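Q:
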Amino acid sequence: MVAFLLVEGVSCFLICRTTRLFGRISVQELATSTKMSQSDVILSDEECDPLDPATCADFTLLVCRATSCSKKRQILQLDEFATYGALYNRRELASAQHVNIEESTCLGSCQLAPCVGVKHEDYTGTVALEGMTDNEFEKRVFHSVITDDDVDRVWGCVENAIRIMTNEESDEEDAAEYEQAKGEYV
Ligand code: FES
Numbered sequence: 027m028v029a030f031l032l033v034e035g036v037s038c039f040l041i042c043r044t045t046r047l048f049g050r051i052s053v054q055e056l057a058t059s060t061k062m063s064q065s066d067v068i069l070s071d072e073e074c075d076p077l078d079p080a081t082c083a084d085f086t087l088l089v090c091r092a093t094s095c096s097k098k099r100q101i102l103q104l105d106e107f108a109t110y111g112a113l114y115n116r117r118e119l120a121s122a123q124h125v126n127i128e129e130s131t132c133l134g135s136c137q138l139a140p141c142v143g144v145k146h147e148d149y150t151g152t153v154a155l156e157g158m159t160d161n162e163f164e165k166r167v168f169h170s171v172i173t174d175d176d177v178d179r180v181w182g183c184v185e186n187a188i189r190i191m192t193n194e195e196s197d198e199e200d201a202a203e204y205e206q207a208k209g210e211y212v
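In structure tokens, the structure reads:
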């Protein structure tokens with residue numbers, strides 16, 4: 027299910043919780059089907075409120091530092107901390123310091139190194155996010171995170187998930203308050 031919102035004249039798409047982490051709708055598909063750019067589909071800082079710190083704290087980015095990913099960075103003449111540093115930089119730019127970033131052991135997609143996984147505290151293991159390729163979605167890991175565009179895509183997917191989760195929690199709180207208020211009038 028996709029909800030279409032107009033926020034101060036800016037078109038934004040939100041994807042409900044049931045499809046958010048494990049659904050099959052990708053940012054690319056949304057952009058294609060709606061003839062919008064991917065940057066319009068993924069909410070950006072300029073267009074939205076700051077990321078909610080509590081929701082950010084539920085997310086952890088896992089940067090693989092195991093052998094294949096480290097070797098691939100070497101072959102590409104990237105610094106061993108290049109992936110970690112690039113994601114750290116995106117996090118700072120988004121003022122999302124509560125998002126955790128950790129180095130990890132092998133994420134299981136060595137042939138498509140360097141890899142990045144995303145954990146959410148409500149789920150076991152890494153999660154799949156909109157914006158992943160089909161293969162990434164299946165493995166629940168971002169593959170070949172090499173260029174700035176790759177890092178932007180990873181961060182965009184994470185930021186999108188944080189915003190959706192924040193909105194859902196807000197909706198759930200509103201619904202709970204409504205039910206409570208209704209009960210008081212009965
Ligand atoms: S070494 Fe990084 S995914 Fe296996």
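Under my numbering, the letters of the sequence shown match residues 27 to 212, in that order. By construction, the Cβ of each residue, glycine as well, lies at the ideal position given by its N, Cα and C atoms. Here the structure is a predicted model, which is why all the values come from computation and not from measurement.
Apart from the five residues just before and just after Pro79, which ones in its own chain have a Cβ nearer than 7 Å to its Cβ?
A: As a position in the sequence shown, residue 79 is number 53, starting the count at 1. So the qualifying residues of the chain are His124.
Q: With three or more C-beta pairs closer than 8 Å as the rule, is the segment 199 to 207 touching the segment 173 to 187?
A: No, the segment 173 to 187 does not touch the segment 199 to 207.
Q: If we count the other Cβ atoms within 10 Å of its Cβ and call it buried at 16 or more, is Glu162 buried or exposed?
A: Locating residue 162 in the sequence shown gives position 136, counting from the first residue. So Glu162 counts as buried.
Q: With a Cβ-Cβ cutoff of 8 Å, do Glu128 and Thr86 count as a contact?
A: By 1-based counting over the sequence shown, the position of residue 128 is 102. By 1-based counting over the sequence shown, the position of residue 86 is 60. Yes, they are a contact pair.
Q: Does the distance from the C-beta atom of Cys95 to that of Pro140 stay below 8 Å?
A: Taking the sequence shown and counting its residues from 1, one reaches residue 95 at position 69. Taking the sequence shown and counting its residues from 1, one reaches residue 140 at position 114. In contact: Cys95 and Pro140 (Cβ atoms closer than 8 Å).
Q: Please determine whether the Cβ atom of Leu18 lies at a distance below 7 Å from any heavy atom of the ligand FES.
A: This structure leaves residue 18 out entirely; the chain is present only between 27 and 212.
Q: What residues in its chain sit with their C-beta under 7 Å from that of Glu210, if we drop five residues either side in the sequence?
A: To locate residue 210, count along the sequence shown from 1; it is residue 184. Same-chain partners within the cutoff: there are none.
Q: Under three-state DSSP, which class holds Ser94?
A: Against the sequence shown, residue 94 aligns to sequence position 68. Helix at Ser94.
Q: Under a three-way DSSP split, which group does Leu47 fall into?
A: As a working mapping, residue 47 is identified with position 21 in the sequence shown. Unreliable positioning characterises Leu47 in this predicted model, as indicated by a pLDDT of 47, which lies under 50. A coordinate reading is not provided.
Q: For Ile188 and Thr109, which I take to be in contact (beta-carbon distance under 8 Å), what is that distance rounded to the nearest angstrom?
A: Counting from 1 along the sequence shown, the entry for residue 188 is found at position 162. Counting from 1 along the sequence shown, the entry for residue 109 is found at position 83. Contact doesn't hold; Cβ gap of about 20 Å is too wide.
Q: For the ligand FES, is there a heavy atom less than 7 Å away from the beta-carbon of Cys136?
A: The residue you call residue 136 lines up with position 110 of the sequence shown. Yes, since a heavy atom of the ligand FES falls inside the 7 Å radius drawn around the Cβ of Cys136.
Q: Does the Cβ-Cβ distance between Val167 and Leu133 come in under 8 Å?
A: Here residue 167 corresponds to residue number 141 of the sequence shown, with the count starting at 1. Here residue 133 corresponds to residue number 107 of the sequence shown, with the count starting at 1. Cβ distance < 8 Å, so Val167 and Leu133 count as in contact.
Q: Please go through the same chain and pick out, in chain order, the residues whose beta-carbon is closer than 7 Å to the beta-carbon of Ala92, but skip the five residues on each side of it.
A: On the sequence shown, residue 92 is found 66 positions in, with the first residue counted as 1. Hits under 7 Å: Thr131 and Cys132.
Q: Less than 8 Å between the beta carbons of Glu106 and Arg99, yes or no?
A: Start at 1 with the first residue of the sequence shown, and residue 106 comes out as number 80. Start at 1 with the first residue of the sequence shown, and residue 99 comes out as number 73. The answer is yes: Cβ separation under 8 Å.
Q: How would you label Leu138, buried or exposed, when you count the other beta carbons within 10 angstroms and need 16 or more for buried?
A: Working through the sequence shown from its first residue, we reach residue 138 at position 112. The residue is buried, with at least 16 neighbouring Cβ atoms inside 10 Å.
Q: Can you tell me whether Ser130 is helix, strand or coil according to DSSP?
A: The sequence position of residue 130 within the sequence shown is 104, counting from 1. Strand, per DSSP.
Q: Taking the alpha-carbon positions, what's the His169 to Met158 distance?
A: Against the sequence shown, residue 169 aligns to sequence position 143. Against the sequence shown, residue 158 aligns to sequence position 132. Whole-angstrom Cα-Cα distance: 9 Å.
Q: Just to confirm the assignment, what range does the beta strand (DSSP E) spanning Gly143 have?
A: On the sequence shown, residue 143 is found 117 positions in, with the first residue counted as 1. It spans Val142 to His146 - the beta strand (DSSP E) in which Gly143 sits, taken as one unbroken run.
Q: Can you list, in chain order, the residues of its chain with a C-beta nearer than 6 Å to that of Val89? Leave out the 5 residues immediately preceding and following it.
A: Reading the sequence shown from its first residue, position 63 is the one you call residue 89. If we look at Val89 and ignore the five residues flanking it on each side, its Cβ neighbours are Thr109, Tyr110, Glu129 and Val142.
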